[in-house]
Amino acid sequence: MSDTPSRSNLAALDAAHHLHPFADMRKLNAEGARVIQRGEGVYIFDADGRKYLDGFAGLWCVNIGYGRSEIADAVARQMNELPYYNTFFGTTTTPATLLAEKVCAHAGPQFNHAFFTNSGSEANDTWFRMARVYWAAVGKPTKKVVIARRNGYHGSTVAGASMGGMKYMHEQGDLPIAGIVHIGQPYWYAEGGDLSPEEFGLKIARELEEKIDELGEDNVAAFIAEPVQGAGGVIIPPSTYWPEIARICKARNILLVSDEVICGFGRLGSWFGHQHFGVEPDLAPIAKGLSSGYLPIGGVLVSDRIADVLINEVGEFNHGFTYSGHPVCAAAALENLRIIEEERLVERVRDDIGPYFAKAWGSLADHDMVGEAVSVGLMGALQLAADKSTRRRFEKPDAIGSAVRNHALANGLVLRATGDRMLASPPLIISHEEVDTMVRIARQALDAVW
Ligand code: PLP
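All letters in the sequence shown, in the order written, are residues 1 to 450 by this note's numbering.
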């Protein structure tokens, strides 16, 4: 390893040559990027030898934890046997086909086909085109508009960022593109006013119906939402929200798209988020937990309603990526799913560690600075509040969230801050003791900043 650059040389090289996604580059270059070198279980280690409990599973993705040599072995075997072949023009590979079968087996009964991509963003671009092709093929070519949600996140490609409801993304590059509109989000704490969560859930869901009326049913292709809004702040919808959304989509003949990129593969204690909320989407983009982030792979679960038309009416869907169903990435994903099944991680989140986390994380609600401490499965949020009795927010939410995050980080815990919401999403293998450690460090950070 004599040619490995020293820590300071690496920081200089990084500042000189590496543009990072979603990072304030001026600040990053001044401070130097933290170099993460190794991972094991729920822990990551940086180049200075510091150890952190990764309460965020990388970017909501390392569901089986770090350092699983079974995946490295499966990848090495596939690399040696067949490092690449495409799935265009009449060929497939064994891992791609097996993965399509396996992933559908865990989704709702309407899903029997999968289309593979390299990422969640590409998955969203894929279904966006697929939905228009579908409607044109069934004789409704005007059904093109996609309705999405304010503060949702669906990726960084042009269509993905447009469907996302992040203003700071739209401001760069003149987004959203035509044909994508947004309605409200079921964020009761901030926007619910005097309504009960249940009343508010219905009110926000009915914005979908109002938007369909405004646009005309014949012009609307689909509605997309995350089962639980992740990057937007772990916004867990009131119980009335999803059933009403599903009812409206069905009544108005609008495709329902459940973005499962975060909520899929056990995060909520179900294989997919739509199962947790008891709804049956027509399309479901997936990524992240599909391979636990060990290699990049995503896809779209396609329901029979759409697959039948694509296969029997359309024939050729002129869309795909050189690496769609990449055999090495698919082999990693297959091994990841084998581990999730064998270790019963989905059931573990549902019956054991999820309820344990709910209690431990929920205990932070007694802190003066915490307006609500909520979770579902292993996905949690703390709403920071200047005055919890009135739900008054801090004047500088970003600054307060960053301060809590930085304090936790300095004490060995990775949390994420989205404005004044602290987010947690640890690996599904986290132990009870490690959950206690997360909560203890989070509380210390709150105490320090309050
Ligand atoms: N959809 C959701 C719900 C996500 O959270 C993300 C990424 O965080 C994406 C899509 C985009 O996935 P990717 O970053 O793999 O392109």
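In this text, a Cβ means the ideal position worked out from N, Cα and C, and glycines have one as well.
Since we're looking at a predicted model, the values are computed, not measured.
Can you tell me the Cα-Cα spacing of L19 and G32, whole angstroms? Locating residue 19 in the sequence shown gives position 19, where the first residue counts as 1. Locating residue 32 in the sequence shown gives position 32, where the first residue counts as 1. For L19 and G32, the distance between alpha carbons rounds to 12 Å.
Using only the heavy atoms of the ligand PLP, determine whether one of them is closer than 7 Å to the beta carbon of D259. Here residue 259 refers to the residue found at position 259 of the sequence shown. For the ligand PLP, a non-hydrogen atom lies closer than 7 Å to the CB of D259.
Contacts around G155, its chain only, beta-carbon distance under 6 Å, and the 5 residues preceding and following it disregarded: On the sequence shown, position 155 is the one that residue 155 refers to. These residues qualify, in order along the chain: G120, S121, N124.
Rounded straight-line distance, which links the Cα of S6 to that of A222: What you label residue 222 is simply residue 222 of the sequence shown in a count that begins at 1. What you label residue 6 is simply residue 6 of the sequence shown in a count that begins at 1. Take the alpha-carbon of A222 and the one of S6: they are about 51 Å apart.
I224 in three-state terms, based on DSSP: Indexing the sequence shown from 1 puts residue 224 at position 224. Reduced to three states, the DSSP call for I224 is strand.
Taking the alpha-carbon of E217 as reference, which of T142, A386, E395, M422 has the nearest alpha-carbon? Residue numbering aside, residue 217 sits at position 217 when the sequence shown is read from its first letter. E217 has its Cα closest to that of T142, out of T142, A386, E395, M422.
Neighbour flag for K143 against chain D, beta carbons, 8 Å: Judged by its chain identifiers, the structure shown contains no chain D, having just a single protein chain.
So does Y294 have its beta carbon nearer than 7 Å to some heavy atom of the ligand PLP? Taking the sequence shown and counting its residues from 1, one reaches residue 294 at position 294. Distances from the CB of Y294 to the heavy atoms of the ligand PLP are all 7 Å or more.
Inter-residue CB distance, A307 and N112 (contact presumed, cutoff 8 Å): Against the sequence shown, residue 307 aligns to sequence position 307. Against the sequence shown, residue 112 aligns to sequence position 112. Rounded, the Cβ-Cβ distance is 7 Å, consistent with contact.
Check: I262 C-beta below 7 Å from any heavy atom of the ligand ADP: Of the ligands this structure carries, namely the ligand PLP, none is the ligand ADP.
Span of the beta strand (DSSP E), counted from its first residue to its last, around D46: As a first step, residue 46 is located in the sequence shown; it is residue number 46 there, counting from the start. For D46, the enclosing beta strand (DSSP E) has its first and last residue at 43-46.
Contact between the stretch 64-80 and the stretch 328-340 is defined here as three or more beta-carbon pairs at a separation below 8 Å; is this criterion met? Contact between the stretch 64-80 and the stretch 328-340 is established, with three or more Cβ pairs separated by less than 8 Å.
Top-ranked residue by Cα proximity to W188, from I44, L202, G298: Position 188 of the sequence shown holds residue 188. The candidate whose alpha carbon is nearest that of W188 is L202.
The beta strand (DSSP E) enclosing V138, as first and last residue numbers: As a position in the sequence shown, residue 138 is number 138, starting the count at 1. Taken as a continuous stretch (DSSP letters only), V138 belongs to no beta strand (DSSP E), as it is neither H nor E.
Using a Cβ-based criterion (distance less than 7 Å to any ligand heavy atom), does H20 qualify as near the ligand PLP? Taking the sequence shown and counting its residues from 1, the one referred to as residue 20 is at position 20. H20: no, Cβ never under 7 Å from the ligand PLP.
Contact check, L384 vs D420, beta carbons under 8 Å: To locate residue 384, count along the sequence shown from 1; it is residue 384. To locate residue 420, count along the sequence shown from 1; it is residue 420. At a Cβ-Cβ threshold of 8 Å, L384 and D420 count as neighbours.
So, do the stretch 123-138 and the stretch 152-169 have three or more beta carbon pairs nearer to each other than 8 Å? Touching, yes, given that three or more Cβ pairs across the two stretches are closer than 8 Å.
Local Cβ density within 10 Å of F116, reported as buried at 16 or more and exposed below that: Your numbering for residue 116 matches position 116 in the sequence shown. Buried, since its Cβ has 16 or more Cβ neighbours within 10 Å.
Can you list, in chain order, the residues of its chain whose CB lies under 6 Å from that of L215, leaving out five sequence neighbours each side? Within the sequence shown, the letter at position 215 stands for residue 215. Within the same chain, V145 come within 6 Å of L215 by CB-CB distance, once the 5 residues on both sides are set aside.
Touching or not, the stretch 383-403 and the stretch 236-244, by the rule of three or more beta carbon pairs under 8 Å? No contact exists between the stretch 383-403 and the stretch 236-244.
What do you reckon, are the CB atoms on Y455 and I44 nearer than 8 Å? Residue numbering for the chain in the displayed model covers 1 to 450; residue 455 lies beyond these limits and cannot be assessed.
Per the DSSP calculation, M422 is bridged to which residue(s)? As a working mapping, residue 422 is identified with position 422 in the sequence shown. In the DSSP output, where bridge partners are listed per residue, M422 has L382, A417.
Between the C-alpha atoms of G299 and G325, what's the straight-line distance to the nearest angstrom? Residue mapping note: residue 299 aligns to position 299 of the sequence shown, counting from 1. Residue mapping note: residue 325 aligns to position 325 of the sequence shown, counting from 1. Distance between the alpha carbons of G299 and G325: 9 Å.
Top-ranked residue by Cα proximity to F357, from H319, T418, V435, A399: Start at 1 with the first residue of the sequence shown, and residue 357 comes out as number 357. Nearest C-alpha to F357: V435.
Applying the criterion that 16 or more other CB atoms from any shown protein chain within 10 Å of the CB defines a buried residue, is S69 buried or exposed? Translated into the one-based positions of the sequence shown, residue 69 becomes position 69. Exposed, since its Cβ has fewer than 16 Cβ neighbours within 10 Å.
Within the stretch 306-360, note down every full alpha helix (DSSP H) run reaching 4 residues or more, in order along the chain. Fully enclosed alpha helix (DSSP H) runs of 4 or longer: 327-342, 345-348.
Please indicate yes or no: does the CB of A417 lie closer than 7 Å to some heavy atom of the ligand PLP? Residue 417 sits at position 417 when you count from the first residue of the sequence shown. No, the Cβ of A417 stays beyond 7 Å of every heavy atom of the ligand PLP.
With three or more C-beta pairs closer than 8 Å as the rule, is the stretch 286-299 touching the stretch 263-272? With a cut-off of 8 Å, the stretch 286-299 and the stretch 263-272 count as touching, because enough Cβ pairs lie within range.
Can you give me the Cβ contacts of S2 inside the same chain, cut-off strictly under 8 Å, excluding the 5 residues immediately before and after it? The count along the sequence shown starts at 1 and reaches residue 2 at position 2. Confidence at S2 is low in this model, with a pLDDT of 47, below 50, so the placement of that residue should be treated as unreliable; the coordinate-derived value is given next. Counting only residues of its own chain and dropping the five nearest sequence neighbours on each side, S2 has no CB closer than 8 Å to any other CB.
Does the beta-carbon distance from G459 to T418 come in below 8 Å? The displayed coordinates of the chain run from 1 to 450. Any statement about residue 459 would go beyond what the structure contains.
Mind checking S292: buried by the 16 CB within 10 Å criterion, or exposed? The sequence position of residue 292 within the sequence shown is 292, counting from 1. Classification for S292: buried.
Counting only runs that start and end within the stretch 21-75, where is the beta strand (DSSP E) found for 3 or more residues in a row? DSSP runs (the beta strand (DSSP E)) wholly in the stretch 21-75: 36-40, 43-46, 51-54.
Would you call the CB atoms of I227 and S258 closer than 8 Å? As a position in the sequence shown, residue 227 is number 227, starting the count at 1. As a position in the sequence shown, residue 258 is number 258, starting the count at 1. What sits at residue 227 in the sequence shown is Pro, not Ile. Between P227 and S258, the gap from beta carbon to beta carbon is short of 8 Å.
Over the uninterrupted beta strand (DSSP E) stretch that includes V146, give me the two end residues. One-based indexing of the sequence shown puts residue 146 at position 146. Annotation for V146: the continuous beta strand (DSSP E) segment containing it runs 145-149.
V376: first and last residue of the uninterrupted beta strand (DSSP E) it sits in: If you number the sequence shown from 1, residue 376 lands on position 376. Start and end: 370-376.
Compute the Euclidean distance between the alpha carbons of E433 and G320, then round it to the nearest angstrom. For this step, residue 433 is matched to residue 433 along the sequence shown. For this step, residue 320 is matched to residue 320 along the sequence shown. Those two C-alpha atoms are separated by around 44 Å.
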